[in-house]
Structures are given as C-alpha cells and as structure tokens.
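Structure first, commentary second.
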Amino acid sequence: MILLGFLVSVGLAVAEPVTLTLAYPTGDSKVEIMKQIVKEFEKQEKNQVKVNVIVVPVANPAAYWGSYFDKLQTMIAGGDAPDVVRVAIEGIQTFAARDLALPLNQYQKDDPQAVLNYADLAPKLQAPFEIGGKVYGYVWDWNNVVIHINTDMLKAAGLPFPGPNWTLEDFTKYAKAMTKTVNGQQVYGFAIPNYYFGTEGWLYANGAGILSDDMKKGALDTPEAKKIIQLFRDMIYVDKTAPVPNATTDAVNLLMTGKVAMIAAGRWPFGSYVANKFTSVGVQYIPLMKSPRTVVFGSGAFPVIKLTKHPKEAYRLSAFLSGAYSQKTGISIDSIPTRTSVMKEVLPTTPGKNWEIYGESAAFAKAVQSPPGYPEVASIFDRYTSSVYSNQLEVGAAMKSASEEITKVLANQ
Amino acid sequence: MNKKFSDAIAGYLFILPVLLLFIVLTLGPLVGTLLLSFSKFSLLSSSRWVGLSNFFNLFTDARMGVIYGNTLFFVFILVPLHVIVGLVLAVSVEGLTKGSAKYLFRTTFFFPVLATTASVAIAWGMMFDTSFGLINWFIGLIGAKAIPWLNSPVWVYVAVAIFSLWKFIGNSFIYFLVGLQSIPVELYEAAMLDGASPRQRFFRITLPMLSPTMFFVVVNLIIGAAQIFDEPYFLTAGGPGDSSRTVGLYIYETAFQYHNYSYGSAVALSLFLVILLVTLLQFKLQKKWVFYGN
Amino acid sequence: MATKSLEAKTLGKNVGRLFLQLFLILVGLLYFAPFLWMFSTSLRLAKDSFSLPPALFPTAFEIGNYFEVFNKVPFFSFFLNSFKVAVVVALGNVIFSSMAAYSFARIRFPGRNILFLVLLSGLMITNQVTAIPQFILMAKLHMIDNTWTLVLLWLVNPLGIFLIRQQMMAISDSYEEAALMDGANRWWIYSRIMVPMSVPAISVSTVLWFVANWNDFFRPLLFINTWENMTLPLGMTALTGAVGSGNYSAVLAGVMLSLLPCVVIYIFGQRYLLEGLSTGGLKQ
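This is the structure:
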C-alpha cells in the first residue's frame, strides 16, 4: 500500500507541471502585460511550466527601488521566496553580494537557445548584470535621464528648441525665460530632480558622481558634485526658477499641467503622456558640461533567486523575459528595450520631439551607481538633499556629512 | 468538587484565549525585543550576543537627539491642543446646538476619525503642496505669501498638527461630549440659584466633573502621540531631512528598511520605557487633580 | 432700572451666543471642506487635477477616474481583506474580551488581580515595541503575507476588557445568585445574563476596536507582501504608486471609494457608540 502511494505521488510529481513565481513591483502598471507575456512563455513550454505573477507592493513611491528590495528581502527571509524576480540595477549588487541570485552561466552553456541572440542585447546595458564573471540575468528594459520640455511653454516664451550641445548658461536662460505668472499663478522653469537616479544624471554630465568610481566611498563633496547641488538649490532660492520639491511632488504631473516647463526624466513619463493625451513635449540631453558626454542609465532584468527549487525552468523564464517578444509587448512606451533590433522598431513610435536621443545614448551611457546597501545609501542621499532643498543645511556641510555617512554604510556591507 | 477549585478552573478557562494570545503575541515579543536589543540579529545568518553595544550606539547616535526631540515636541504640542480643542468643541456643541443640528455637528467632527488614515493623509499631502496646494491658494487669496508646509523644518510641525487635529479630534471630542452629558443638571441649577456666572459654573462644576474623562483622554493621547507614525509617514516621510522623523518612524526605518533588527529593538525598548515612565507618573499625579465621587 | 439692565444682559448674552454659534458653524465648515475638495477633484480630468483654482464644488464629472481605480489595482480585494479582518476581529472582541471581562469581574481565582493588571499594562506596550519579534516569529512560522496573521495580532483588546469588566461589576449579584441556585453553570450565566446586560460596553469597545483595526497601516505594512492580500490602507499606497504619475484625480477617486465603507460604519456604529458611552462607559 505504502509503496503504491509512494509510486503514485512520484508519478504525480513527474506529471504535474512546474509552477514558478514571478515577482513584479507595483508602480508601473505593467502587471497585466506581464501576465500576458508569461502566458506566451507557458505556451512555448507546452504548458509544462506554469507561472504565477505576484505583485509586490511598493509602500513608498518616493523611495521606489529601495522599498521594493526591502520587501523582496523580507519575503525571502520569511520563507516566501519567489523564483524569478524583476530586479533593476539598483538591486543586483545587493542580491549578488548577499548570495541571493543564481549565477546562470552553466545554464546558459547547457541551453543557449533560451537566450535567443545574446549579442542583440546592447553590451553596455547588459554589463551591470554580469558581476565577477557571473551572469545574473538578461536585460529587459532600460532608462536614462534627459530633459523633457513642455513645447507649448517653449513657444510662449519665444524660444527655439535647444540643440544637443546647449550649455548650462543656455539652460539657466531657458529656465528664467519660462518662469512667469500665468493667469495669476506662478509657473516655473524647471523641477529639481530630487531623486538618486535623476541627480546622478546631472552629476555624470559634470564628471562627478554620488559615489567614487570604485563605489567604496561617498563622493558628493567633490567640487563638481557640489556645483550641481548648489545649482539646484540656487534655482529654488536665488533664481526662483524651480519650486521647492517635497516627498510627494510629481514632476511628470507638473510638466503635463503646465506648472513646470522642464523636468529631468527618462522615457518613463511617456506612459502618462499618452494616457493623458499630452503631446506637447520634446526631449534633449542634459546640458553639455564636460566632454565627452555621459548619460546615466539603469537597466532591469529578471534574475533567478538561488533558493529556487526549479533552476532550469527559472532560467528559461528569465531568458524568455528578455526576449524580443517580451520586449516588444511589454516595453512599448515607458522604458527603452535593450535589444538593438527592438529599439529600432519601438523608439520611432515615441510621441515626443527628438526621440532619437534615446537610442543614441546607449553608446555612451554609464550605469547608475548601485552598490550593495543601495536602499540605505539612497536614503542618506534623500535626507541630505531634502535638507539642502528646504534651505535647512548649507550645501558644503550637507554634502560632506552625506559622503561620510555613505562611506560608513558602504564599509559595513 | 471544591468551589474554590472549580472557580479557579472556570476563571482561567474564560481568560484562556486572551491570556494565551497575550503571552505569545505581546509579552513574548516584549521579552524578545529586550533580548534582541542585547544582540546582533540576522534573519539570514546567525546571531550573537553583543551586550550593551546597541544601547551605546543609541546614546551616540547623532540623529537620536533630533528624533526624540521631534517626538517629545509632538507630545507636548499635540496633547494639549487635542484636549483644549476637543473640550471647546464639545462644550460648544453641547451648549449651543440641539436636535438635528447637534447630530450634524457630532458627525462632522467625529467622522474623520473613521476615515481611512492613509487615504486622507494622501489627500492632505496634496492640499499642503507649497506651490499648487489648496491651502496655499486660500492663503494667496488673502494676500499672504505661500507657506512651505512640508518643506520647512518649522512649518512641518504645524502641518502635522493641523492634520492630526482634523483627523483625530473626534476621539477627545466624543469622550468629552459624553462626559458633559453625564454631569447632573441639578448641579448647574443649584449653582445658578446661588448666582454663579457661566465662567464660575465652568471652572467649578464642569471641569472637575470632567476630570476623570480628561485623565483617560490625556493618558491615551500621550501614548498615541509618543508612537506617532501614520501622520509623519504619509505627509512628510520624516522630512525634510530629519525634521519630522519620530521615534516610531525611526524604528520602522532601522528594523524594516535597513534590516538592523537589533538596533531597532533597542530604540523600541527606549520608547517603551519612556512611555511607561510618563504613564506611571500620570497615575501618581492623578490624585492631585482628578476629582472622583460627588 | 433693574429690568433694563436685565434686558441688556439678555441681549448681550444672545448676541454672544449667536456669535459663538456662527463660529461653530465656521469650524464645522472647515472640517467638512477637505472632503468636499477630495470629492470635487476626484471628478476632474487628470490633467486638471492640480489646476488652480482648486475645486471645492464639482465642475467636471469624469467618473472614468473611478473606473480607473478598479482597473489599476484590485481595489475590491483590498476592501474585502480589510472587511474580513475587521469583522473577525470585532467578533473576536465580542466573544473573547467579554469572556475575559466576566472572569475578571465575577470569578474569584488565584492571581486574578495581578493578571488583570498585566493585561491592562498591554495598553502601554505599543505597536513598535512588539513589531520586530512578532515579525520574526511570523516569518519563522511562514505566516507572513497572510491576513489571518493580522487577525491574530488584533484579538487581544485590553481596553475592551477593562470597559466591559467595569460594566459587569456594576450588575447586581442577585441575578447570578438566582441562576446559580437553579443549577446553571458559568457559561450559561455568562452568555444568558452577563453578556446581554453589558451590551453598551461591548458595543463601545467593539466599534472603537473595529475602527482602529480598519485604519491600521503599520501591521499590514510589515506583514503583507503581495497586493492580493493587502488591506485598504496599504492598498491606497499601492494605488498612489500604480496611478500616481499624472493622475491625482484617480488617486482621490480611490480615496473617496475607501471612505464609503467608513460612512456605512459610522451610520451603524455611532448609535451603539454613543449609547454605549453614556450608559456603560467611563464611570470610574
């Protein structure tokens, strides 16, 4: 009897399809699309693999990736680990350092077909997911930081659309010209990018960075970095061309409603633009401060959690999710596909002037600095910059303290 | 069966569900926090005993002073405000309105208590926006300059206070209202016959008769204000910088964002001790000002 | 002479009274205004949600925003989860708290007073103090991301036990004695005599506890991981994230929707609450 039961259960285990869990964060409304994409994967696997998409709530949109990774780490610690997770560059170092991600090299060697045309993935964008020779995922999407301009407000100020080599002086002039009172209400020229990724974009343009190049020390107290923070602070309190930012400010909303003429963002606002039928927008590089131009980027992939019980199937899912079908279906409007072939197809549909810079920038993009311990580093960054932008602390002192605290955190990883 | 014995069994049986849950989910964790604060704990690897080093960190933590300062500030500002405003509203509604008007006012002041805090806090965050919020628009109408509600380390307290008073005044209001209604009318009639003015009636009758209610309200308000979390979390995220970061927020941040469970426990323990001390102090002092009996 | 000054005094008193009434109305309006703003803005087109002048009265009627809420997040699940947890917790309060209150009020057993004080001290043991070990415990038990965990954490209500015990102690002994003489057991006395006679205190504590639980944000924040299991407060933050960029109107639509159950709760609960408070409540 027992033997029979054993055989039956083994038999059932063999015949039953494998179920994988895919974790995806809330916030970019792609959940339905992910479910569609995994259905295609299930079809490809002839229904031997079922995929369950779980949505992880991001409780704090102002600290998006930080709070998402907190949740993931909590889930893993709580014994509730998913098999495959959406991870952006901000988290992969932490995952690798904590030994949470599964190296996929061997699986790729045994089953290269799963990653159809590996060379199609833009190499610079894939690089962050290959740490110490180990492949942790295949990039799906990426984003950068450029300047979005409300073209209606530009026209009203009588200004021409800026060229790619516009300088900081030009930018300041534009900001001033577009700060005015409209119908008794104040509108501003620029919304300060008071978030890690956005600020990093500006710092890179000036040859600086939030961290040192080896990501072991905080570097906000270099003269080049302080210049940018000081610029932002002065735009609020001296030129008065920028509104005071706070935790709940939504720059995209401000641009669409004509409250602010320029914002610093990647391609992600286009989802909202399209949803709100907002078409008076164009994009341009951040003003050229140091040559050659550097544009910040962040890419995302779908690493496999080491604790998974089905590594082979998880690898296949991870690879499928970076494939052309997944990219074409999932990344049509609000981020940038990482496959060169798909970029060529998708980018021309961007409803904004000068969309070409999105594709171009892949060649000289530099990864945003996302060390292990990113949530804590980003939190220190937020705290000190918010103190500066609310005129509580002076730039020099704040950036010095911030760098010291960051260095301490990095040392403790 | 011996009555005393069967009573003991019955007694324990009736409290068993509550007692078990209390031991496992409250007392146990309290001890757990105590133990955690003396160790360095990790969910994913092994833990070790570190004695007093977490507490040493607590006292040398540069942010701790500001954070406790904020929390105590909230306690000393919000508690009196809630008591005074709640009392004024209760006396006004009780004395000035009747019937359906009374019902309407009661609803208006009490309903925010029921409203989902997260929802209304999100809405208030929008209303407080410096450049585009509702409140600054009205301020602009009367010609004053826009106030940086959520961006200035000073105004942030005012913003949290305003929100707190709007959202939670219903609690003290309703207790005072009921307390007022239970004061025997005869006391007032007798006083009026003796020629007492409204002011005298208020201070000699109303306040003393309300003092038990007030004690209850104050104790609860202090405990609530000391662990304040929802208001700063939604409105300010603790900012700008650390100016509205409370101990409650800091515990959450330390334990659940940085996964430093041990240090978080040490901070939590310190908060517990502070609340315990203050509450015990109040119970001792109540003899001085709370009036029981007739 | 005397009559004139009395008239003047009465007039003065009436004017003063009128003044105070107007002031009260003003304050009342100030308290109501935010809800009006939320409602009116929720009906505006997304791109107008931040336009000034702000909407105090609805000028647009984009009900699409409300549908948007249901499209973007499983709002109904949020509501059901909140409801499930709150109702079970309320029932738990009615049963477990009254049981414990009866025991503390009426049964003599060793250690009774000490246990009662210990339980009462639970009022001072706050959320944050116990959260960390609770979380670790639940993680080890694999009970994270489970709404029943939320229920368990809310089943002990020291204040409720206190209030109900107060009321029970005021019930005359004679009922119990009569029942005991007829051979009734403790459970019968509890359920047929004590509970019906303590309805005010039970109602008060249940309504207050229900509301506190309904609004709880901290515990779901820690213990819930996926959005099918989220309660309403946590779901609101998910909504902000999912819809946020460029659409405050939809967020406010979600806010309004989340307030609807509160209105219902108020209508049903406030009668019990007020009756309970006046008859059973705070007498020391």
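Protein chains in written order, with the working numbering: chain E, 26 to 438; chain L, 30 to 323; chain D, 473 to 756. Beta carbons: idealized from backbone N, C-alpha and C, even for Gly.
Buried or exposed: residue i, going by 16 or more other Cβ atoms within 10 Å of its Cβ?
i, result
"Phe740(D)", "exposed"
"Gly753(D)", "Low confidence applies to Gly753(D): its pLDDT is 46, below 50, so where it sits in the model is not reliable, and the reading given next is rough at best. Result: buried."
"His111(L)", "buried"
"Ser686(D)", "Before going further, note that residue 686(D) is Trp rather than Ser in the sequence given. It is buried - the Cβ of Trp686(D) has at least 16 other Cβ atoms within 10 Å."
"Val434(E)", "buried"
"Trp227(E)", "buried"
"Lys755(D)", "Its pLDDT being 45, under 50, Lys755(D) is placed unreliably in this model, and the coordinates cannot settle the point."
"Tyr199(E)", "buried"
"Ser514(D)", "buried"
"Glu430(E)", "buried"
"Lys316(L)", "exposed"
"Ser366(E)", "exposed"
"Asn323(L)", "Any reading at Asn323(L) must be qualified, since the residue scores a pLDDT of 43, below 50, and its modelled position is unreliable; the value itself is stated next. Exposed."
"Arg691(D)", "buried"
"Leu146(E)", "buried"
"Trp165(E)", "buried"
Between the beta-carbon of residue i and the beta-carbon of residue j, is there less than 7 Å?
i, j, result
"Ile604(D)", "Ser294(L)", "yes"
"Ala722(D)", "Asn537(D)", "yes"
"Phe548(D)", "Leu704(D)", "no"
"Phe94(E)", "Phe345(E)", "no"
"Ser677(D)", "Gly632(D)", "yes"
"Leu193(E)", "Pro312(E)", "yes"
"Ser129(L)", "Val185(L)", "no"
"Asp36(L)", "Arg637(D)", "no"
"Val321(E)", "Glu225(E)", "yes"
"Tyr220(E)", "Ala326(E)", "no"
"Gln256(L)", "Thr709(D)", "no"
"Ala427(E)", "Tyr399(E)", "no"
"Thr435(D)", "Asn486(D)", "Absent from the structure is residue 435(D), since the part of chain D shown begins at 473 and ends at 756."
"Asn271(E)", "Glu249(E)", "no"
"Met368(E)", "Gly348(E)", "no"
"Ala518(D)", "Asn301(E)", "yes"
"Ile280(L)", "Val303(L)", "no"
"Val329(E)", "Asn180(L)", "no"
"Lys251(E)", "Val110(E)", "no"
"Leu184(E)", "Ala202(E)", "yes"
Nearest to residue i by CA position, among the options, is which residue?
i, options, result
"Ile497(D)", "Val114(L), Phe105(L), Leu133(L) and Leu42(L)", "Leu133(L)"
"Trp195(L)", "Trp184(L), Leu107(L) and Pro227(L)", "Leu107(L)"
"Leu627(D)", "Val560(D), Ser549(D) and Leu746(D)", "Val560(D)"
"Val114(L)", "Leu314(L), Leu206(L), Asp223(L) and Trp318(L)", "Leu206(L)"
"Arg341(E)", "Gln394(E), Gln211(E), Asp275(E) and Lys134(E)", "Lys134(E)"
"Leu174(L)", "Glu370(E), Asp166(E), Trp167(E) and Gln210(E)", "Note on identity: in this sequence residue 174(L) is Lys, with Leu being the wrong assignment. When each option's Cα is compared against that of Lys174(L), the closest is Gln210(E)."
"Thr319(E)", "Tyr132(E), Asn130(E), Asn190(E) and Leu129(E)", "Asn190(E)"
"Leu418(E)", "Val142(L), Pro182(L), Ser193(L) and Thr137(L)", "Pro182(L)"
"Lys315(E)", "His335(E), Thr374(E) and Tyr229(E)", "Tyr229(E)"
"Asn697(D)", "Leu125(E), Pro328(E), Gln98(E) and Ala113(E)", "Gln98(E)"
"Ala573(D)", "Ser663(D), Gln742(D) and Leu680(D)", "Ser663(D)"
"Asp246(E)", "Gly377(E), Glu57(E), Ser305(E) and Met424(E)", "Met424(E)"
Could you check whether the Cβ of residue i sits closer than 6 Å to any heavy atom belonging to the ligand NAP?
i, result
"Tyr143(E)", "The ligand NAP is not among the ligands present in this structure, which contains no ligands whatsoever."
Taking beta-carbon pairs under 8 Å, can you tell me which members of the segment 155-172 of chain L lie near chain E?
Result list: Met155, Asp158, Thr159, Ser160 and Phe161.
The segment 275-291 of chain E contacting the segment 159-178 of chain E, beta-carbon criterion three pairs below 8 Å:
Contact holds: three or more Cβ-Cβ distances are below 8 Å.
Meets three-Cβ-pair contact criterion under 8 Å: the segment 505-512 of chain D and the segment 146-159 of chain L
Enough Cβ pairs lie closer than 8 Å, so yes.
Identify each residue in the segment 89-100 of chain L for which the Cβ-Cβ distance to at least one residue of chain D is less than 7 Å, and report them in chain order.
Within the segment 89-100 of chain L, no residue has its Cβ closer than 7 Å to any Cβ of chain D.
Quick one: which residues of the segment 258-271 of chain E get their C-beta closer than 7 Å to a C-beta of chain L? List them in chain order.
For the segment 258-271 of chain E, which is checked against every Cβ of chain L, the residues closer than 7 Å are Pro268, Val269 and Asn271.
Of the residues that make up the segment 92-112 of chain E, which ones have a beta carbon closer than 8 Å to any beta carbon in chain D?
For the segment 92-112 of chain E, which is checked against every Cβ of chain D, the residues closer than 8 Å are Lys96, Thr99, Met100, Ala102, Gly103, Gly104 and Asp105.
When the Cβ atoms of the segment 40-49 of chain E are set against those of the segment 71-83 of chain E, are three or more pairs found closer than 8 Å?
Result yes; three or more Cβ-Cβ pairs closer than 8 Å.
In the segment 106-117 of chain L, which residues sit with their C-beta less than 8 Å from some C-beta in chain E, listed in chain order?
Here the close residues number zero.
Check distances from the C-beta atoms of the segment 181-194 of chain L to those of chain E and list, in chain order, the residues that come in under 8 Å.
Here the close residues are Ser181 and Pro182.
Touch check for the segment 37-57 of chain L and the segment 261-272 of chain E: three-plus C-beta pairs under 8 Å?
Segments in contact, no.
Is there contact here, the segment 115-135 of chain E with the segment 350-364 of chain E, by at least three beta-carbon pairs under 8 Å?
For the pair of segments examined, the segment 115-135 of chain E was found not to touch the segment 350-364 of chain E: the number of CB pairs separated by less than 8 Å stays below three.
Within 8 Å, do at least three Cβ pairs link the segment 568-578 of chain D to the segment 46-57 of chain L?
By the criterion of at least three beta-carbon pairs nearer than 8 Å, the segment 46-57 of chain L is in contact with the segment 568-578 of chain D.
Take every Cβ of the segment 527-541 of chain D, pair it with every Cβ of the segment 655-670 of chain D, and state whether three or more of those distances are shorter than 8 Å.
Cβ pair count under 8 Å is below three, so no.
Under 7 Å (Cβ pairs) to chain E, residues found in the segment 686-701 of chain D
Cβ contacts with chain E come from Leu693, Asn697, Thr698 and Trp699.
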